[in-house]
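Asker: In the working numbering, the protein residues as written are 10 to 312.
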Amino acid sequence: MKFDFLSESDQAYFIHKASTLVEALPYIREHSGDTIVIKYGGHAMGDKKLSESFSRDIGLLKEVGISPVIIHGGGPQIGERLKSKNLASNFVEGLRVTDKETIKVVEEVLSKDINSEIVDSISTSGGKAIGISGSDNLITATKLNIELKDSDSNIEKIVDIGFVGEPKSLNINILEDFIKKDQIPVISPLGKDEQNFTYNINADTVAGFVAGELKASKLLLLTDVPGIFNEEKKLISSLTLKEAIEISGMDYISGGMKPKIQTCIDAMEKGVSKSTILDGRIPHSVILELFTEHGIGTQISNN
Ligand SMILES: Nc1ncnc2c1ncn2[C@@H]1O[C@H](COP(=O)(O)OP(=O)(O)OP(=O)(O)O)[C@@H](O)[C@H]1O
Ligand SMILES: [Mg+2]
């Protein structure tokens with residue numbers, strides 16, 4: 010058969026498109042009805058075109074019966090805002106040291122700027138997104154103390170990194186109500202303690218926590234690298250939960266990758282069956298991961 014209005018290369022292009030759709034069908038069926046928690050990294054959301062394609066992908070998930078829940082980061086954007094105010098950015102174990110002035114900037118950048126940008130972008134592509142800050146009655150946090158080993162004496166010491174918290178409880182009803190109403194929650198990674206202090210929480214940690222509490226079927230962490238690299242800097246394409254636990258303490262897992270692996274482990278120990286760390290700089294990375302045969306990134310699975 011020949012379409013006289015299409016060139017041969019156009020035909021090949023459209024046939025390829027059609028077969029991609031057909032290939033996606035069993036995956037769409039498999040995931041339909043699932044809740045999938047997606048961490049959208051500060052590093053992965055810098056580019057306008059990419060953020061538009063991300064928003065369209067999220068809208069598509071909803072259309073095929075998946076309930077996406079988005080947690081966003083904001084590391085680079087917070088860093089820039091602090092710089093413009095002549096405030097320093099310091100990290101311990103991949104976590105931002107957050108004093109009184111820093112937490113104000115963190116709140117402003119995350120809950121006001123980035124959250125509404127993502128909500129607007131998803132809404133523009135037709136999804137019903139709803140923004141909520143974790144500190145808005147959603148996440149109860151406690152202060153996080155880091156234990157570090159002194160490299161000379163090998164003695165463990167507790168390091169105070171200020172208003173950095175860890176999630177303790179989640180007001181699930183709020184999220185379930187949004188999901189019931191077919192809304193797409195977009196959550197800023199903040200929490201409040203019982204004294205009403207606001208804490209900055211690593212966005213990966215929040216994503217894993219929310220995934221575990223919601224008993225989500227999948228956790229996707231979008232970042233600015235292809236996945237987890239081994240010590241030879243080669244991409245690890247899959248890990249079992251046991252293997253992930255084994256490598257989490259290795260020297261080649263550092264900075265922001267540490268909380269990422271830990272949160273996958275925590276979520277999966279609470280029943281999430283798969284976690285993937287993937288490159289958010291690739292257009293349609295979420296669709297490639299969920300709806301194609303090979304997926305992308307590093308997948309951690311429960312067996
Ligand atoms: N073994 C490893 N494999 C891959 N990346 C690693 C590894 N060890 C450390 N990293 C670092 O982890 C970084 C990803 O975490 P990072 O916290 O910087 O980004 P993010 O979580 O995507 O963004 P944000 O923190 O702003 O939400 C990579 O850019 C890389 O430099
Ligand atoms: Mg990070």
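Even for Gly, the Cβ is constructed at its ideal location relative to N, Cα and C.
Compute the minimum distance between the beta carbon of Ser211 and the heavy atoms of ligand 2, and state whether it is under 8 Å.
Answerer: Checking the sequence shown, residue 211 turns out to be Asn, not Ser. At least one heavy atom of ligand 2 is nearer than 8 Å to the Cβ of Asn211, so yes.
Asker: Among Ile67, Ser28, Leu199, Ala225, which has the Cα closest to the Cα of Lys113?
Answerer: When only C-alpha atoms are compared, the closest one is Leu199.
Asker: Taking the Cβ atom as the reference point for each residue, do Lys224 and Thr107 lie within a distance shorter than 9 Å?
Answerer: Against a cut-off of 9 Å, the Cβ pair of Thr107 and Lys224 comes out as no contact.
Asker: Tell me the DSSP secondary structure of Tyr36 in three-state form.
Answerer: Helix.
Asker: If we require 3 or more residues per run, which beta strand (DSSP E) segments fall completely within the segment 129 to 197?
Answerer: Runs of the beta strand (DSSP E) inside the segment 129 to 197: 138 to 142, 148 to 158, 165 to 179, 193 to 197.
Asker: Please report how far the alpha carbon of Ser64 lies from the alpha carbon of Leu184, in whole angstroms.
Answerer: Approximately 19 Å between the Cα atoms of the pair.
Asker: Where does Phe23 land, buried or exposed, given buried means 16+ other C-beta within 10 angstroms?
Answerer: With fewer than 16 Cβ atoms within 10 Å of its Cβ, Phe23 is classed as exposed.
Asker: Quick check: Asn154 and Val168, are their CB atoms within less than 9 Å of each other?
Answerer: Closer than 9 Å, so yes.
Asker: Tell me the DSSP secondary structure of Phe206 in three-state form.
Answerer: If DSSP states are grouped into helix, strand and coil, Phe206 belongs with coil.
Asker: Straight-line CA distance for Ser162 to Thr249?
Answerer: Their backbone Cα atoms lie some 35 Å apart in a straight line.
Asker: Quick check: the Cα distance between Gly88 and Ser98, rounded to an integer number of angstroms?
Answerer: The straight-line gap from Cα to Cα measures roughly 6 Å.
Asker: Excluding the five sequence neighbours on either side, which residues of its own chain have a C-beta within less than 6 Å of the C-beta of Thr285, listed in chain order?
Answerer: Closer than 6 Å at the Cβ level, and outside the excluded window around Thr285, lie Leu229, Glu298, Gly306, Gln308.
Asker: Less than 9 Å between the C-beta atoms of Asn211 and Thr149, yes or no?
Answerer: Not closer than 9 Å, so no.
Asker: Could you please give the first and the last residue of the uninterrupted alpha helix (DSSP H) stretch that includes Ile79?
Answerer: From DSSP, Ile79 is part of no alpha helix (DSSP H) but of the beta strand (DSSP E) over 76 to 81.
Asker: I need the boundaries of the beta strand (DSSP E) containing Lys285, first residue and last residue.
Answerer: Lys is not the amino acid found at residue 285; the sequence shown has Thr there. 283 to 288 is the span of the beta strand (DSSP E), which, as asked, contains Thr285.
Asker: Pull up the distance between the alpha-carbon of Gly135 and that of Pro194, whole angstroms please.
Answerer: The straight-line gap from Cα to Cα measures roughly 14 Å.
Asker: Determine the burial state of Arg38: buried for a count of at least 16 other Cβ atoms within 10 Å of its Cβ, exposed for fewer.
Answerer: Answer is exposed; the Cβ neighbour count stays below 16.
Asker: Can you tell me the Cα-Cα spacing of His293 and Leu69, whole angstroms?
Answerer: Rounded to whole angstroms, His293 to Leu69 spans 11 Å at the Cα level.
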